[in-house]
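The letter at position 64 of the sequence shown is residue 51 when you use the numbering used here, and the numbering goes up by one with no holes. For each residue, glycine too, the CB sits at the ideal point set by N, CA and C. In this text, all values refer to a predicted model and were calculated from it rather than measured experimentally. Take a look at the structure below.
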Amino acid sequence: MSGKQVTFETLDLSDQLRMVMATERLTVTQMAEAAGVSKSAMEKYLAGPSSPRATAMAALCTNLGLSLEWLLFGYSDNDWRRVRDTAFMSFMNMMQDIKQDPEISARFDAMDASSKEFLNFAIEVATSRAEALADQVKALRQKAMHDHAAGVREAIGEAIPFRKG
């Protein structure tokens, strides 16, 4: 591990917790039940900086379908959505490449779908697409870390930005 290590003695989850309460129309008691904590503990979390138990936050996120990253840091990790969308588009692009590129199309048409040659061909094309996707995800994560370190907070224009899809 290189660089300065970040530590937290307290976290201020109050804004995110209040947003969940408002969006889901939950009471403090219902929030406490979802987190598996007492009502007074939830009131403390809602009041400002506190030291919530990791198990309580994990339970809250699991029970309400929240992203833990959003709850802790105020922004959502949308990489899973980018991965899904990119994988879909990669597949569609691969199919277009197969049909539009004469060399690839000829190789594809000449192969028996159950042959080892076809498997190697599919792995070759898929690996190329996966490497491009991995590079995109890596770049997005590095940008997010840089932005977070610079104090930038991203507003996500989704109806419920902290929900897992």
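| query | result |
| --- | --- |
| I think Gln123 touches Thr73, with their Cβ atoms under 8 Å apart; what is that distance to the nearest whole Å? | 7 Å |
| Could you tell me how far apart the beta carbons of Leu13 and Tyr32 are, in whole angstroms, since I believe they sit closer than 8 Å? | In fact, because the Cβ distance is near 13 Å, the residues do not count as touching under 8 Å. |
| Classify Ser1 as helix, strand or coil using the three-state DSSP reduction. | helix |
| For Val139, is the classification buried or exposed, using 16 other Cβ atoms within 10 angstroms of its Cβ as the cut-off for buried? | exposed |
| State yes or no: is the C-beta of Met81 within less than 8 Å of the C-beta of Val112? | yes |
| Count the other C-beta atoms from every protein chain shown that fall within 10 angstroms of the C-beta of Ser92, then say buried if there are 16 or more, exposed otherwise. | exposed |
| Here's a check: name, in chain order, each residue in its chain whose Cβ is nearer than 6 Å to the Cβ of Ala22, leaving out the five neighbours to either side. | Ala43, Ala46 and Leu47 |
| For a test of the three-state rule: what should DSSP assign to Ala142, helix, strand or coil? | Its pLDDT being 43, under 50, Ala142 is placed unreliably in this model, and the coordinates cannot settle the point. |
| Apart from the five residues just before and just after Met8, which ones in its own chain have a Cβ nearer than 7 Å to its Cβ? | Met18 |
| Report the three-state DSSP secondary structure of Leu55 (helix, strand or coil). | helix |
| To the nearest angstrom, report how far apart Met98 and Leu127 are at their CA atoms. | 37 Å |
| Residues in the same chain with beta-carbon distance under 6 Å from Glu104, minus the five sequence neighbours each way, listed in chain order, please. | Met98 |
| Tell me which same chain residues have a C-beta within less than 8 Å of the C-beta of Ser37, skipping the five on either side of it? | Thr(-3), Leu(-2), Asp(-1), Leu0 and Lys31 |
| Could you check what DSSP says for Ser37 in three-state terms: helix, strand or coil? | strand |
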